[in-house]
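Below you'll find the structure, written out as structure tokens, and then a few comments.
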Amino acid sequence: MTDPTLALRERMARELAERGLARSERWQRAFRRVPRHRFVPRFYEADGTMIDLETMENPERGLARVYRADEPLVVGWDGRTGNATASSSAPAIMAAMLDRLELEPGHRVLEVGTGTGYGAALLAEVAGPDRVTTVDVDRRLVAEARARLDALGYRVTVECADGFGGWPTGAPYDRVIATCMAPRVPRAWVEQAPGGLIVAVVVQMMAVLRVGADGRAQGRFSHHTMWFMQDRRHAPAQVTETEARAAMAGGHRRRARVPLRQIMGGEIVPAFWDLFKLFHLPYSFEFAPAKGQVGIVARDDRSWVLLEDDEEGGWVTQGGRRRLWDEAEGLYLRLLEAGAPGRDRFGLTVRPDGGQVVWLDHPESGYRWEL
Ligand SMILES: C[S@@+](CC[C@H](N)C(=O)[O-])C[C@H]1O[C@@H](n2cnc3c(N)ncnc32)[C@H](O)[C@@H]1O
1 MTDPTLALRE RMARELAERG LARSERWQRA FRRVPRHRFV PRFYEADGTM
51 IDLETMENPE RGLARVYRAD EPLVVGWDGR TGNATASSSA PAIMAAMLDR
101 LELEPGHRVL EVGTGTGYGA ALLAEVAGPD RVTTVDVDRR LVAEARARLD
151 ALGYRVTVEC ADGFGGWPTG APYDRVIATC MAPRVPRAWV EQAPGGLIVA
201 VVVQMMAVLR VGADGRAQGR FSHHTMWFMQ DRRHAPAQVT ETEARAAMAG
251 GHRRRARVPL RQIMGGEIVP AFWDLFKLFH LPYSFEFAPA KGQVGIVARD
301 DRSWVLLEDD EEGGWVTQGG RRRLWDEAEG LYLRLLEAGA PGRDRFGLTV
351 RPDGGQVVWL DHPESGYRWE L
């Protein structure tokens, strides 16, 4: 009997090609060849119900989901906060990242965030055997991914480590790909990929950075907005709604300087939210305390803002160490003054001293933000 997932894989690979996400035959072939269902035999629904493809009577519907290009599949869950801790990212997002990696057969590549092992298998399809090293902080995921990769004959090094330190034992690498969100680009990735290329999600944007002979990594952000699983070693603790409500006491109330709807809609300055998060709010909790209200709490220092919409542009109440919305409006007005540029006009330089600067159009631009 032919494998029923072959047709599903074929269809997904074709879709990724048609949408311009996996542009090269190399990646289309990898998506056709790697059986994602073997890496995600079990996953969770949004309500926490587990789907087990191996014990289900009719796995067809589950398999169809596994091979949907836009379907991230949750494989780890934090019972306290109700947040996902690990997932197999949506193939569409993975393709967008892999496509920018300029990976060639024989390249040595480090993947940060092994998860299920699916991404490592895709990388191994192109780079070849014994060329891929992948690290994850989660011991259980590492053991499972290693077993799955072994069973399918992929020769990949799978290690349990904090990927923000890279994996020095396997260095130097030609390529580094990070599949968990980083608030900044760790110095180790740059040091371990001399002359190489780094593709990483920095807060909510994908950065493609080339490492120069001077030890500097530099490149552009892509036009995509990315939502990625946060790192699990460096991120401040999650905030629950009860904690957020408790943090939001007192504060200073004023009229919004820029109509809230204009900022919240995001149409006029499309890069605003991603840059605001990158500069001021990499870790936040957002919720609706009441109808017409948005509450935002910074998870690091619990600075907070409450936004209340009305016909005159809205009200802003802020509290905590920083004035989050003063920062937001200041950035918004500056981006408006710069002509509301799109994400892909921004770039990032990581200096050898570890300093990082975001710039508009070119590294010496007058529009620069030190991170
Ligand atoms: C979106 S998942 C990765 C998906 C994976 N590439 C795949 O193909 O299934 C993110 C992973 O990053 C891992 N992670 C989080 N923080 C990390 C860190 N500091 N170092 C290494 N891995 C980390 C998580 O445990 C999680 O498995």
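Numbering (this note's numbering), first residue to last: 1 to 371.
Glycine is no exception: its CB is placed at the ideal position from the N, C-alpha and C atoms.
Exercise. What are the boundary residues of the alpha helix (DSSP H) that Leu149 is part of?
Worked result: Position 149 of the sequence shown, counted from the start, is the residue given in the question as residue 149. Unbroken alpha helix (DSSP H) run through Leu149: 139-151.
Problem set entry | C-beta contact flag for Leu53 and His37 at 8 Å | The sequence position of residue 53 within the sequence shown is 53, counting from 1. The sequence position of residue 37 within the sequence shown is 37, counting from 1. Going by C-beta atoms, Leu53 is nearer than 8 Å to His37.
For this session: Inspect the CB distances between the region 170-179 and the region 191-208 and report whether three or more fall short of 8 Å.
Result: yes
Problem set entry | Expected contact under 8 Å - CB spacing of Thr133 and Glu159 to nearest Å | Here the question's residue 133 lines up with position 133 in the sequence shown. Here the question's residue 159 lines up with position 159 in the sequence shown. Their Cβ separation, rounded to whole angstroms, is 7 Å, which keeps Thr133 and Glu159 in contact under 8 Å.
Exercise. Can Leu8 be considered in contact with ligand 1, in the sense that its beta carbon sits closer than 7 Å to one or more heavy atoms?
Worked result: Taking the first residue of the sequence shown as position 1, residue 8 is located at position 8. Leu8 Cβ: outside cutoff for every heavy atom of ligand 1.
For this session: Measuring alpha carbon to alpha carbon, tell me which of Gly48, Glu18, Gly339, Phe285 ends up nearest Ala237.
Result: The residue you call residue 237 lines up with position 237 of the sequence shown. The residue with the shortest Cα to Cα distance from Ala237 is Phe285.
Exercise. Does the region 16-34 come close enough to the region 119-129 to have 3 or more Cβ pairs within less than 8 Å?
Worked result: yes
Exercise. For Glu394, does the three-state DSSP call read helix, strand or coil?
Worked result: The structure shown does not extend to residue 394, since the chain is modelled only from 1 through 371, so no value can be given for it.
Exercise. Between Ala69 and Pro35, which are expected to be in contact by the criterion C-beta below 8 Å, what is the C-beta distance as a whole number of angstroms?
Worked result: Indexing the sequence shown from 1 puts residue 69 at position 69. Indexing the sequence shown from 1 puts residue 35 at position 35. With a Cβ gap of about 16 Å, Ala69 and Pro35 do not count as contacting.
For this session: Can you tell me which of Val66, Thr349, Val357, Glu45 puts its alpha carbon nearest to the alpha carbon of Gly219?
Result: The residue you call residue 219 lines up with position 219 of the sequence shown. With respect to the C-alpha of Gly219, the residue from Val66, Thr349, Val357, Glu45 having the closest C-alpha is Thr349.
For this session: Report yes if the CB atom of Gly215 is closer than 8 Å to the CB atom of Gly319, and no otherwise.
Result: Start at 1 with the first residue of the sequence shown, and residue 215 comes out as number 215. Start at 1 with the first residue of the sequence shown, and residue 319 comes out as number 319. Not closer than 8 Å, so no.
Exercise. CA-CA distance, Met226 and Gly48?
Worked result: Residue mapping note: residue 226 aligns to position 226 of the sequence shown, counting from 1. Residue mapping note: residue 48 aligns to position 48 of the sequence shown, counting from 1. In a straight line, the C-alpha of Met226 is about 23 Å away from that of Gly48.
Problem set entry | alpha helix (DSSP H) segment containing Asp78, residue limits | As a first step, residue 78 must be located in the sequence shown, where it is residue number 78. That residue, Asp78, is in no alpha helix (DSSP H); its beta strand (DSSP E) goes 73-78.
Exercise. For the alpha helix (DSSP H) that His107 lies in, which residues bound it at each end?
Worked result: Locating residue 107 in the sequence shown gives position 107, counting from the first residue. Taken as a continuous stretch (DSSP letters only), His107 belongs to no alpha helix (DSSP H), as it is neither H nor E.
Exercise. Where does the unbroken beta strand (DSSP E) through Met205 begin, and where does it stop?
Worked result: Taking the first residue of the sequence shown as 1, we reach residue 205 at position 205. First-last of the beta strand (DSSP E) with Met205: 205-211.
For this session: Kindly identify the DSSP beta-bridge partner or partners of Asn83.
Result: The count along the sequence shown starts at 1 and reaches residue 83 at position 83. Its beta-bridge partners are Asp78.
For this session: Verify the contact flag: Gly170, CB atom, against every heavy atom of ligand 1, threshold strictly below 7 Å.
Result: Here residue 170 is taken as the residue at index 170 of the sequence shown, counted from 1. No, the Cβ of Gly170 stays beyond 7 Å of every heavy atom of ligand 1.
Exercise. Just how far apart, CA to CA, sit Ala147 and Thr157?
Worked result: In the sequence shown, residue 147 corresponds to position 147, counting from 1. In the sequence shown, residue 157 corresponds to position 157, counting from 1. Cα-Cα distance, rounded: 11 Å.
Problem set entry | Residue interval of the alpha helix (DSSP H) (run including Trp359) | Counted from its first residue, the sequence shown places residue 359 at position 359. Careful: Trp359 lies outside any alpha helix (DSSP H), inside the beta strand (DSSP E) at 356-360.
Exercise. Any chance the CB of Leu123 is under 7 Å from a heavy atom of ligand 1?
Worked result: Translated into positions along the sequence shown, residue 123 becomes position 123. It does not: the Cβ of Leu123 is nowhere closer than 7 Å to a heavy atom of ligand 1.
Exercise. Tell me which same chain residues have a C-beta within less than 7 Å of the C-beta of Thr5, skipping the five on either side of it?
Worked result: Translated into positions along the sequence shown, residue 5 becomes position 5. For Thr5, where only same-chain residues beyond five positions count, the Cβ hits under 7 Å are Pro35, His37, Leu63, Tyr67.
For this session: Out of Gln293, Arg11, Cys180, Gly166, state which residue places its alpha-carbon closest to the alpha-carbon of Ala188.
Result: In the sequence shown, residue 188 corresponds to position 188, counting from 1. The residue with the shortest Cα to Cα distance from Ala188 is Gly166.
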